[in-house]
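In my numbering, each residue carries its 1-based index in the sequence shown increased by 3.
Notes for the one structure printed next.
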Amino acid sequence: MVQGSPPPSGAPDRIRLAGIEVTATHGVYAEEKVTPQLFVIDLTCSLRPRPDLDDLATTVDYADLAGRVAEAAGAGSVDLIETLAERISTVCLTDPRVAEVEVTVHKPQAPLPVPVADVAVTITRRNPT
């Protein structure tokens, strides 16, 4: 295999951002709409093939992506973390270099009647283009 060539399996390159922390007012209950709580976002973007160049312009800038995801997650309250995950996937898929994204939204402080370490939802979406 030539150095820098894609793996023989054809597996895509992936960018993973784990543990993006956002404080926001998402939730079904009235108190959740006024009292901010922690949400933690993990995402993996599968990338389209790119030229073998050491150039940021040929790939996804993960610093920019993290900022855009955090901004979207903190904007405008939604009831369901499924809706929040969908919003985040849309942000990721606006970049045509992203072929697919898996988004997990954790809600560790979800108001439940029994102790639970974490509540999370994971979605996978593909870029239609």
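Each residue gets a CB set at the ideal place from its N, CA and C atoms; glycine is no exception.
When the distance is taken between beta carbons, is residue j closer than 9 Å to residue i?
{"i": "T62", "j": "L46", "result": "no"}
{"i": "V25", "j": "A88", "result": "no"}
{"i": "I91", "j": "V72", "result": "yes"}
{"i": "V94", "j": "T127", "result": "no"}
{"i": "V37", "j": "G22", "result": "no"}
{"i": "V122", "j": "H109", "result": "yes"}
{"i": "L68", "j": "I18", "result": "yes"}
{"i": "P15", "j": "P52", "result": "yes"}
Round the Cβ separation of residue i and residue j to the nearest angstrom and send it over; I've been treating them as touching at under 8 Å.
{"i": "T125", "j": "T107", "result": "4 Å"}
{"i": "Y65", "j": "L96", "result": "Between L96 and Y65 the Cβ distance is about 15 Å, and since that is not below 8 Å, they are no contact."}
Taking the DSSP output, what are the residues bridged to residue i?
{"i": "Q40", "result": "A27"}
{"i": "E105", "result": "T47 and T127"}
{"i": "I18", "result": "C48"}
Counting Cβ pairs closer than 8 Å, one from the segment 30-47 and one from the segment 77-95, do we hit at least three? yes
Cβ contact check for the segment 113-122 and the segment 89-102: 3 or more pairs under 8 Å:
no
Item to check | Runs of beta strand (DSSP E) wholly within the segment 57-115 (minimum 3 residues, chain order) | outcome: Listed in chain order, the complete beta strand (DSSP E) runs (minimum 3 residues) inside the segment 57-115 are 101-109.
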